[in-house]
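So the sequence lines, in the order shown, correspond to chains A and B.
Just so we're aligned, residue 1183 is where the first sequence starts under the numbering used here, counting upward by one.
Just so we're aligned, residue 50 is where the second sequence starts under the numbering used here, counting upward by one.
We put the beta carbon where it would ideally sit given N, CA and C, even for glycine.
Written below as structure tokens is the structure these notes are about.
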Amino acid sequence: MKFSQNLSKSIKLYFRRLILRRRKPQKHFDLNRKNLFIFPSATGWALVFVSALLWLLGTNYDNNLILALAFVLLSVFIICILHTHNALSGLSISANRAYPCFVGEHGEIEVKLSRHRRQSYRNIVLQWDDNNPVNVDLTEAEQILVKIFVEAEYRGWYRPSLLLVESYYPLGLMRCWTWLNVDIDLLTYPRAVAAGPIPSSMAKLGSGEEQHLLAAGAEDFKGLRSYQRGDSLKHVSWKHFAQGKGMHSKEYLAYSDSSLWVDWEYLSGVNREARLQRLCDWVLQLSRGNSPYGLRLPGQEIKPDLGLAHKQQCLKALALFEFTPPQGSAYV
Amino acid sequence: MSSAEAQVYQPSRHALACLLLAQAFIILPHLFNLSLWLAPIWAASVVWRLQVYRGAWSLPPTWLKGMLALSSAAVLIFSFGQIFALEPLVALLVLAFTLKLLEIRHRKDVLLLILLGFFVAATQLLFGTALLAFLYTLLCFALLLAALLGLHQSEQGYSSSQLSWQTVKILLQALPLALLLFIIMPRMGSLWQLPMSQQAAKTGVSDSMSPGDINRLNKDNSPALRISFSDNKAPPSRELYWRGLVLSNFDGRRWSSSFLGRNGSTKLSWAGATPQSWLKPLIEYQQADSKRGISYQIMMEANHQPWLYALEKPLSTSNGVATTPQYNLLYKKPVSQRFSYQVQSFPQFSASADALAPWVERVETRLPLQTNPRSQALARQWRTESSRSEDIVKQAFSLFNQQFIYTLEPPLLGKQSIDDFLFDTQRGYCEHFASSFVFLMRAAGIPARVVVGYQGGQWNSNENYLLVSQSDAHAWAEVWISGKGWQRYDPTSAVAPERIELGFRSFIEQDSVSEQGAGDFAGFNQGSVFYSLGLRWDALNYSWQRWVLDYDSNSQSQLLAGMLGSTDYWRIGLLFIVGAGAIIALLGLALWWRGRPAPLTLELQLQKRLQLKLNKLGLERAPGETPAQLVKRAGQLHPELAPLLNKLGAINTALLYQPKGNDHQTMLRQSQRLLKSLKA
């Protein structure tokens, strides 16, 4: 049982690679005779079997009407070749965009289905890698955006293997399908692995008191900046306030420089991927707070900042750090 | 409810509705063909399934299902009394089809149920092959296909009416190809013996005749034979004596066929085999000049009797038909389905008219001793008056002609039935006349026998065939005239010649011989709307039978030879490939045409032309790029064209995205003009 499953899986993989080698990745596909496959489904073969049984019954009882019914079933089966092929033919599929995710999670890839024909398309099934099928109808609209989930297996630019587009419509007797080598990469961040608190040289977040004390030890006054909500009142330069120059916070160099950096060097002795996974966790931790943070990787540095775009920039840097597409992946 | 049960597959509402409806339609005729026991079992299954669908009940546990299946099967087998006949086997199939409803756990169970449905629906045609039954089965197929379609659409798919329309469309599209297959696929004939139906009620003329038998048939208007003549013309009604059986044994009340009729199997001459020596003169007669004969094809309703009907001196070439030495036709087995056979009759032919073999003569003149003494005395008296058989026949005919009355409501006869009839009641119909006539002949020492069959028929001018009903059943006599052989004499014609000239039905309507007897035909007055509709309906059924049900390997090779010139395999194969290819190509074309690409609007055409020109300039439109962005990029690449391009871009953007205003037409023209001036 297991052996046969493995066998069928490896045969499937072999054929998929064959297709991959033959087809260059594309952004846009027009489904037509040239790239659609069609073959009877299990139900279809079963219907042919019933038709054969009816033929036997009709033949043995010299009953022309039962023979006629056998032929009707067989004809329905044959007609379905046209119908099922038509259920995909004339459809266009193009990669629209990908939504980043973490390794091991499901990323979303958005594709655009559009039709250039008046007929409606029903029950189209789209999926990456035999998983998480999405059923779509394209009846009234000219085009539709569909989000398809795909499980990202490695960090960096993850290339999903092949997009399976299939249809059993209308009667389930035929299966029409195609494998598309879609030219789209999914930005995949490293898997976040809990790395504990950020090493001692960094500030623990949350309590302004402790921050102040730590900062007091490093005492490197940098300058003033205008007060922002959430700044500790202890840092407010009351002297300037009393002079009527508005509220300003004192900034200390050591405070901002040494305490909120997520630094590659903190994790020496750990291998690259494990380091990235932990750095990722810290970035996520810090992004939940409201203090600016920066990222230092060998050869690059991202200045401390706050906000979603900054977080994504940091994560992207982690994702693409020394990224090489793995061998045997969809890159050919 | 356990978690395993919570995961039980539920078909969609439409699919389930179609499936249940299809099941109802499929099972309904089987209730009457097989057993009404199926009804409560089915009803229980449907209720349970609906409750499961509503979430009120869970599926029955395995032990309950097992018990239900076993007990239902036992009830069915018990009610049929046996297993290996057609009915109980089909009933078990229907039972499985019903109970499977309680076992739908996965999607594939529903598929199995639907596929089983196709088979069960087709089995109803084993019990009846009428046109309506076939259409009904097609309806069942459509419902099953609708269930299949409902199963393969997404949740936001069709409504019920769209679903049925889609299915009907697919079915209609499949019919031309099915017709081609029906015409071309070779007919194999039975591959192995299968259990046959038990319901074999023998109908029509039986192999014995006692008073009242034919009268019973005269009230039955169902069709018996349909005959189409090769020249599309029927001989006059008085010639139409469809001989069925010869009855030579008389026990005083009942005429039955003698061993000559039954056990003559060694003397039978089978069609296709070397003819028996006694048949050779007739075959030589046929070969001398076949135009002398009457050629016709008879389609006989199933009567579960082995004998066939034909005009006098028949020769048949149909398989399985034999000729008896009495020039009757026999089939190899009781006719359990409508059966068609080809006959050529030579009424003018007279078989060897030498003396009968002494033992045959003894059989054909034998009478029970000491019955009907008055009749016997009368016959002996005639014998003394004349020695010629024809004179004695004439005597009998003039006797009938004098006082006898033809009536369908004759008085009852006593023990000496011939005496009672001839001398007392003198009222009767064909079987009384035939019976007493043959009795008189035999009493006078002349070999004579009763022949039963049908007389006359109703010409159907819609389809040019003769319809013989059961009510045309008739009995007449054949008398051995030395030098001429067996001659037909119909004593009824002496009493009521119109009965023979007009046919039974017209005769009954013309003058009501018996008011009560005619009552049964009141609804069938000739000329009434119902009567002509009835004829048309019969004509339709006849065509159905002739062109569809009787389409066998013979008619297939005839038809194909007519179309192709010969029936070589390669020609038939070519016909199939060309025909099927044409049908599929046409259908594919029609499907494509229905969904053909929508034409571009004028505005889009202009934009497309602009893009084509820009392509030549080396610019591809990037995905998601607006027309304005595109021309801007083009302007940067070709600064000399920038003003023109910007103008075009602005106009096209306005054309594409702004609501149509008064200046729409001018803008269109402007865009066209600018496009022309853009030299790519």
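- Taking a beta-carbon distance threshold of 9 Å, residue 600 of chain B counts as an interface residue toward chain A.
- Taking C-beta atoms as the reference points, residue 662 of chain B and residue 613 of chain B fail to come closer than 9 Å.
- Residue A:1322 holds the alpha-carbon nearest to the alpha-carbon of residue 1296 of chain A among A:1322, A:1316 and A:1309.
- Rounded to whole angstroms, residue 1214 of chain A and residue 515 of chain B show a C-alpha spacing of 59 Å.
- Within chain B, no residue has its beta carbon less than 7 Å from that of residue 1212 of chain A; the closest one is some 12 Å off.
- Nothing from the region 477 to 493 of chain B brings a Cβ to less than 8 Å from some Cβ of chain A.
- For residue 633 of chain B, the neighbours in chain A by C-beta distance under 9 Å run, in chain order, 1260, 1261, 1263 and 1264.
- Between residue 465 of chain B and residue 422 of chain B, the C-beta spacing is below 9 Å.
- Going by beta carbons, residue 253 of chain B and residue 522 of chain B fall inside the 9 Å limit.
- In the DSSP assignment, residue 1210 of chain A forms a beta bridge with A:1276.
- Straight-line spacing of the CA atoms in residue 1293 of chain A and residue 693 of chain B works out to 36 Å.
- For the region 171 to 199 of chain B, the set of positions with a beta-carbon nearer than 9 Å to some beta-carbon of chain A reads 171, 172, 174, 175, 178, 182, 183, 186, 187, 190, 194, 197 and 198 in chain order.
- Judged by DSSP secondary structure, residue 523 of chain B falls within the beta strand (DSSP E) whose first and last residues are 522 to 530.
- DSSP lists A:1347 as the beta-bridge partner residues of residue 1360 of chain A.
- Closest option to residue 365 of chain B, judged by alpha-carbon separation, among B:355, B:375, B:379 and B:352: B:379.
- At least one beta carbon of chain A lies nearer than 9 Å to the beta carbon of residue 672 of chain B.
- Membership of residue 538 of chain B in the beta strand (DSSP E) is indicated by the continuous run 534 to 538.
- Counting only runs of 4 or more residues that sit fully inside the region 255 to 281 of chain B, the alpha helix (DSSP H) segments are 262 to 267, in chain order.
- For residue 507 of chain B, the CB contacts under 6 Å within the same chain, skipping 5 residues up- and downstream, are 516 in chain order.
- Rounded to the nearest angstrom, the Cβ distance from residue 455 of chain B to residue 373 of chain B is 31 Å, too far for a contact under 8 Å.
- For residue 1299 of chain A, the C-beta contacts it makes with chain B under 8 Å involve 644, 645, 646 and 647, in order along the chain.
- Under the 9 Å criterion on CB atoms, residue 1345 of chain A is classed as non-interfacial with respect to chain B.
- Contact residues of the region 575 to 599 of chain B toward chain A are 597 and 598 (C-beta to C-beta distance below 7 Å).
- With fewer than 16 other Cβ atoms inside 10 Å of its own Cβ, residue 116 of chain B counts as exposed.
- Residue 71 of chain B is outside the set of residues whose beta carbon lies under 9 Å from a beta carbon in chain A.
- Contact note: residue 1472 of chain A does not reach chain B at a C-beta cutoff of 7 Å; the least C-beta distance is about 35 Å.
- At a beta-carbon threshold of 8 Å, the residues of chain A lying near residue 201 of chain B are 1305, 1350, 1351, 1352, 1353 and 1354, ordered along the chain.
- Taking 9 Å as the cut-off, the beta carbon of residue 1290 of chain A is found closer than this to the beta carbon of residue 1330 of chain A.
- By the criterion of at least three beta-carbon pairs nearer than 8 Å, the region 1490 to 1510 of chain A is in contact with the region 1323 to 1342 of chain A.
- In the displayed model, residue 375 of chain B falls within coil according to three-state DSSP, outside both helix and strand.
- Contact between the region 328 to 342 of chain B and the region 260 to 272 of chain B is not established, with fewer than three Cβ pairs separated by less than 8 Å.
- Residue 184 of chain B sits exposed, since fewer than 16 C-beta atoms from the chains shown fall within 10 Å of its C-beta.
- As computed with DSSP, residue 298 of chain B is found in a beta bridge with B:305.
- Only exposed fits residue 626 of chain B, as fewer than 16 other CB atoms lie within 10 angstroms of its CB.
- When C-alpha distances from residue 1251 of chain A are compared across B:69, B:149, B:170 and B:142, the shortest belongs to B:170.
- Each of B:96, B:124, B:85 and B:290 was checked against the Cα of residue 69 of chain B, and the nearest Cα belongs to B:96.
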